[in-house]
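Asks: Just so you know, the sequence shown maps onto residues 15 to 223 in the numbering used here. C-beta: ideal position from N, C-alpha, C; glycine also. From a predicted model like this one, the values you see are computed outputs, not experimental measurements.
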Amino acid sequence: LQADCVVLELEDGVALPSKAIARIQATEALDKLAGEQLRCFELGLRVNSVASGLLGDDVKEVCKAEHLPQAFMVPKVDSPEDVATIYDVFRSNYTPKRVTDTNTRLVIWIESARALLDMPRIVSSTLNLHKNSGFFKLDAVVFGSDDYCADIAEKVEWATELVHAFSQHQAEGKGAFQFRGQMIDRPLLLQALNIIQLVESVGGVAKEK
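1) So the candidates are 127, 152 and 182; which of them puts its Cα closest to the Cα of residue 162?
2) Considering residue 42, what are the terminal residues of the alpha helix (DSSP H) in which it resides?
3) I'd like the list of long-range same chain contacts for residue 8, defined as Cβ closer than 7 Å, with 5 residues on each side in sequence excluded.
4) Bridge partners for residue 156 per DSSP, in chain order?
5) Residue 168 by DSSP, collapsed to three states: which one?
6) Nearest CA to the CA of residue 159: which residue from 147, 179, 103 and 90?
7) For residue 85, which residues does DSSP report across the bridge?
8) With a CB to CB cut of under 7 Å and the five nearest residues on each side skipped, what residues in its chain are close to residue 144?
9) In angstroms, rounded to a whole number, what distance separates the CA positions of residue 33 and residue 75?
10) In this structure, how does DSSP classify residue 80 when only helix, strand and coil are distinguished?
11) Please name the residue or residues paired with residue 23 in a DSSP beta bridge.
12) By the 10 Å Cβ neighbour count, where 16 or more other Cβ atoms means buried, how is residue 147 classified, buried or exposed?
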């Protein structure tokens, strides 16, 4: 049996206190596995997200390996700005020769409501950066449903509580108010109402089925 892809893990599967040792072990594993007869088509490495602040440390350590993975998996890519940061981090740690000669591919994870809405721009940005640099060809875009569902649940909770707070303030004859440390204006209220309406619409369709 030959696996399509074997991925070394540095992200959520590694506890924060163990990140440093995991980087060293992953770097050693890349060189060790490169010298063995691997029963897989692709050897990958999943690094930490841009938002975590750990991506730079991951790449700096892994680039010490003589043999780099065939694919880097980057989770929780939320915007084109994240894509630009990913490219900058790798370019600053790769040697110039590796930048021009590498066949390393890029796999990005879409895991939030924001990222899903912005996915066309995220993908376009990734393709354009590869076209202009010849570096990091986009291999795949993966939808991370677990984190996405958690993100949506948080937004529904926020919207429900905001609308409830608004109703209370209206009943008390109050105008502008703060919610979770943020001044609430009409656009934010409409955003909350739209989220609730969308959830209710989806729930209605599900019940009909």
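Replies: Quick look at the numbers:
1) 127
2) 33 to 48
3) The first residue shown for the chain is 15 and the last is 223, placing residue 8 beyond what the model contains.
4) 123
5) helix
6) 90
7) Partner(s): 58 and 119.
8) 150, 151 and 152
9) 11 Å
10) coil
11) 60
12) exposed
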